[in-house]
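See below for the structure under consideration.
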Amino acid sequence: MPDFGHEPRHGGKIIAVAVNRELGDIPAVTAVDAARMLGVSSARVSQLLNAGLLDSWKDGTKHMMSKASIEARLADAPRVGRPKEAPVAV
17 MPDFGHEPRH GGKIIAVAVN RELGDIPAVT AVDAARMLGV SSARVSQLLN
67 AGLLDSWKDG TKHMMSKASI EARLADAPRV GRPKEAPVAV
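For the sequence shown, this note's numbering begins at 17 and goes up steadily by one.
This is how it looks when you write it as structure tokens:
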């Protein structure tokens, strides 16, 4: 078996692992559906994509977003309104 230029340590072994995955295996939605799920406009979804805050790829002419990245955004969504000020010690 090839060692890929590595030496095993502490009695270990060198192994190779290969995984075959396709984008079609990832649960995903279109940009329009992502906007609905997030409660924002399509323009805001584009901003989130450009900022790298949603995982996306193109499938033909459609932009697809992973459901996991949308759910993560919903869980960490900024709260509406002005941040509360910390109490001041008197």
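Glycine included, C-beta positions come from ideal geometry on N, C-alpha and C. Note that the structure is a prediction, hence the values are computed from the model and not measured.
Look at residue 78 here: in three-state DSSP terms it is strand.
Taking 3 residues as the shortest admissible run, the segment 48-78 contains the following complete beta strand (DSSP E) segments, listed from N- to C-terminal end: 72-75.
Counting along the chain, the unbroken beta strand (DSSP E) around residue 44 starts and ends at 44-46.
With respect to residue 85, residue 71 sits close: the two C-beta atoms are nearer than 8 Å.
Note that the C-beta distance between residue 57 and residue 47 is not below 8 Å.
Membership of residue 86 in the alpha helix (DSSP H) is indicated by the continuous run 83-91.
Residue burial annotation: residue 64 is buried, with at least 16 other C-beta atoms found within 10 angstroms of its C-beta. In the displayed model, residue 28 falls within coil according to three-state DSSP, outside both helix and strand. Contact annotation: residue 61 and residue 54 have beta-carbon atoms nearer than 8 Å.
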